[in-house]
Amino acid sequence: MEDVLVVGGGPAGMMAAIAAAEGGARVTLLEKMPHLGKKLLITGKGRCNVTTDFGQDQLIEHIHHNPRFIYSALARLGPREVRAFFEDRGCPLKVERGGRVFPESDRAQSILDVLLAALKEAGVTVQTKAAVEEVVQNKDQSWTVRTSAGSYTGKALVLATGGASYPATGSTGDGYRLAADLGIAVVPARPALVPLVCRPGWVQAAQGLSLRNIRIIFTAEGKVIYSDFGEMMCTHFGVSGPIILSASGRLVDYWQDHPGPIQATVDLKPALDEKQLDDRLLRMIKKDGRKQLVNGLKPLLPQKLISPFIAEAQLDPAQRMLDLTRADRLKMVHLLQNMPLTVTGPRPLREAIVTAGGIAVGQVAPKTMALRSHAGLYACGELLDIDANTGGFNLQIAFSTGYVAGHAAKACAAYFDGEGSSCK
Numbered sequence: 001m002e003d004v005l006v007v008g009g010g011p012a013g014m015m016a017a018i019a020a021a022e023g024g025a026r027v028t029l030l031e032k033m034p035h036l037g038k039k040l041l042i043t044g045k046g047r048c049n050v051t052t053d054f055g056q057d058q059l060i061e062h063i064h065h066n067p068r069f070i071y072s073a074l075a076r077l078g079p080r081e082v083r084a085f086f087e088d089r090g091c092p093l094k095v096e097r098g099g100r101v102f103p104e105s106d107r108a109q110s111i112l113d114v115l116l117a118a119l120k121e122a123g124v125t126v127q128t129k130a131a132v133e134e135v136v137q138n139k140d141q142s143w144t145v146r147t148s149a150g151s152y153t154g155k156a157l158v159l160a161t162g163g164a165s166y167p168a169t170g171s172t173g174d175g176y177r178l179a180a181d182l183g184i185a186v187v188p189a190r191p192a193l194v195p196l197v198c199r200p201g202w203v204q205a206a207q208g209l210s211l212r213n214i215r216i217i218f219t220a221e222g223k224v225i226y227s228d229f230g231e232m233m234c235t236h237f238g239v240s241g242p243i244i245l246s247a248s249g250r251l252v253d254y255w256q257d258h259p260g261p262i263q264a265t266v267d268l269k270p271a272l273d274e275k276q277l278d279d280r281l282l283r284m285i286k287k288d289g290r291k292q293l294v295n296g297l298k299p300l301l302p303q304k305l306i307s308p309f310i311a312e313a314q315l316d317p318a319q320r321m322l323d324l325t326r327a328d329r330l331k332m333v334h335l336l337q338n339m340p341l342t343v344t345g346p347r348p349l350r351e352a353i354v355t356a357g358g359i360a361v362g363q364v365a366p367k368t369m370a371l372r373s374h375a376g377l378y379a380c381g382e383l384l385d386i387d388a389n390t391g392g393f394n395l396q397i398a399f400s401t402g403y404v405a406g407h408a409a410k411a412c413a414a415y416f417d418g419e420g421s422s423c424k
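full-length UniProt numbering numbers the first residue of the sequence shown as 1 and each following residue consecutively.
See below:
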């Protein structure tokens, strides 16, 4: 019998196993994929935004669902401790815009290498290609996990199976099934940090274009649902990019009770007011008045956006700049500040960076990640109903909750042997 079993070889599971093995506890980590950390390797576009440089209060503001739940875990292992964990093990980190923390190598493999080395140093037994089929609590309160690679028994069990996005990496929602089989309430999974689908229009015509320093406002029933400033990407299906991913969680929540399209407007020039934009157009007309509109707008807009913008304004691309009327100019100024979008829904859950939903946190003790209904059972990471914006926040949540769950599971194993204080 092992002291602790950990199911799931992602960031939360690896950190839980490392924490549980401190002091010589016998720990086995079970992973259904051939290798650990497959999803970790694609985070941050392969660079791995491992944590944030923000303090706790600022970090909490970026958590969408159940932010208060994470306070205790962050107090135990916050961003500073995560940075020290990797840097003390030979992986120097750097801080980029928005407080994003990356390995100096710009390779997610550098982060995974540290975790793998820490698992080995801690003496954790790693069993890959072990898809979990059933989890059973035995009469003596120990846990048996039946997998495709055999059965394993431990005094305590940590579930760190992740969510249901990017299923090719192994995140296929297994933990939801295991929890439901044990009678644990699960909030339905839905996409968070996911691109958005738009009705055909100018964004599809400008696909591949990244628009930086723009402002977007989403409205429905006359009310603003979400607004943000930053970078957006035009795609063949709609929009993506940092501000879209951050908005998506709020929009998906809204769609739960209000199905239907959501309107949005994009301000392409948020630093300028109407008069400043009109004055700029007048200067362009004075300088390049004989140029056709399709060429004369090059100083104002990215090349890929010029034709879609002219079409949206219902103007003739062959029209000369000097032939623009005042009404034409005002129409263009309005569009520069209010390019319209109709958002019809999110991309599928399998394409989401993070899954919203999971084990309802009301059933979980925040100081230990223990399931209140089952002695010796712990949950952490994306399996819990807690998610955040992009910026390293979700990985920080995974490391913090994994660390707490691992230490609590180790203490529970000691209690099982009559030495510890509790399995709660």
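C-beta: ideal position from N, C-alpha, C; glycine also.
Can you tell me which of Gln263, Met332, Pro259 puts its alpha carbon nearest to the alpha carbon of Leu293?
Counted from its first residue, the sequence shown places residue 293 at position 293. Among Gln263, Met332, Pro259, the Cα nearest to that of Leu293 belongs to Met332.
Spatial neighbours of Ile359 within its chain, please: C-beta separation below 7 Å, excluding the five flanking residues on both sides.
Here residue 359 is taken as the residue at index 359 of the sequence shown, counted from 1. Within the same chain, Ile359 has close Cβ partners Ala179, Ile184, Val186, Ala379, Leu383, Leu384, Asp385.
On a Cα-Cα basis, can you pick out the residue from Cys423, Ile397, Ser422 that is closest to Asn66?
Within the sequence shown, numbered from 1, the residue matching residue 66 stands at position 66. For the residues Cys423, Ile397, Ser422, the minimum Cα distance to Asn66 belongs to Ile397.
In terms of residues, what are the limits of the beta strand (DSSP E) holding Gln56?
Residue 56 sits at position 56 when you count from the first residue of the sequence shown. Segment 56-60 is the alpha helix (DSSP H) holding Gln56; no beta strand (DSSP E) there.
With DSSP collapsed to three states, give me the class of Gly391.
Sequence index remark: in the sequence shown, residue 391 carries index 391 (1-based). Here Gly391 sits in coil by DSSP.
For Asp257, count the other beta carbons within 10 Å of its own beta carbon; 16 or more makes it buried, fewer makes it exposed. Which is it?
The sequence position of residue 257 within the sequence shown is 257, counting from 1. Per the 10 Å Cβ criterion, exposed.
Excluding the 5 residues flanking His35 on each side, which residues of the same chain have their C-beta closer than 7 Å to its C-beta?
Taking the sequence shown and counting its residues from 1, the one referred to as residue 35 is at position 35. The residues are Thr128.
Classify Gly99: buried if its beta carbon has 16 or more other beta carbons within 10 angstroms, exposed otherwise.
Your numbering for residue 99 matches position 99 in the sequence shown. Classification of Gly99: buried, given that the 10 Å Cβ count is 16 or more.
To which residues does DSSP link Val239 through a beta bridge?
Along the sequence shown, one-based indexing puts residue 239 at 239. DSSP, once it has assigned bridges, lists Leu196, Cys234 as partnering Val239.
Report yes or no: do three or more beta-carbon pairs, one from the region 197-215 and one from the region 266-275, lie closer than 8 Å?
Because the criterion of three Cβ pairs below 8 Å is met, the region 197-215 and the region 266-275 touch.
Can you grab the Cα-Cα spacing for the pair residue 483 / Thr368, in whole Å?
Limits of the chain in this structure are 1 at one end and 424 at the other, which puts residue 483 out of reach.
Along the alpha helix (DSSP H) that carries Asp181, what are the first and last residues, could you check?
Locating residue 181 in the sequence shown gives position 181, counting from the first residue. Element bounds for Asp181: 174-181.
Cutting at 6 Å between CB atoms, please list the residues of its own chain near Ser227, excluding the five before and the five after it.
Residue numbering aside, residue 227 sits at position 227 when the sequence shown is read from its first letter. Excluding residues within five positions, the ones whose Cβ falls inside 6 Å are Ile217.
If you drop the 5 nearest sequence neighbours on each side, which residues of the same chain put their C-beta closer than 7 Å to that of Leu324?
Here residue 324 corresponds to residue number 324 of the sequence shown, with the count starting at 1. So the list reads Ile285, once near-sequence residues are dropped.
Out of Thr401, Leu29, Arg347, Ile111, which one is the CA nearest neighbour of Val194?
Counting from one through the sequence shown, the residue named residue 194 turns up at place 194. Measuring from the Cα of Val194, the nearest candidate turns out to be Arg347.
Pick out whichever of Ser422, Thr125, Glu351, Ile225 has its Cα sitting closest to the Cα of Gly9.
Numbered from its first residue, the sequence shown carries residue 9 at position 9. Of the listed residues, the one whose Cα sits closest to Gly9 is Thr125.
If I measure Cβ to Cβ from Gly289 and keep anything under 7 Å in the same chain, skipping five residues before and after, which residues do I get?
The count along the sequence shown starts at 1 and reaches residue 289 at position 289. Closer than 7 Å at Cβ, skipping near neighbours: Arg320, Met321, Leu322.
So what's Thr153 in DSSP terms, helix, strand or just coil?
As a position in the sequence shown, residue 153 is number 153, starting the count at 1. Strand.
Can you tell me whether Glu31 is buried or exposed, with buried defined as 16 or more other CB within 10 angstroms of its CB?
Taking the sequence shown and counting its residues from 1, one reaches residue 31 at position 31. Buried is the call here.
Can you have a look at Asn389 and say buried or exposed, based on whether 16 or more other CB atoms are within 10 angstroms of its CB?
Locating residue 389 in the sequence shown gives position 389, where the first residue counts as 1. When all chains shown are included, Asn389 counts as buried.
In its own chain, which residues sit with a C-beta less than 8 Å from the C-beta of Gly90, not counting the 5 before and 5 after it?
Taking the first residue of the sequence shown as position 1, residue 90 is located at position 90. Cβ within range, chain order: Val114.
List the endpoints of the continuous alpha helix (DSSP H) containing Met14.
What you label residue 14 is simply residue 14 of the sequence shown in a count that begins at 1. 11-21 is the extent of the alpha helix (DSSP H) around Met14.
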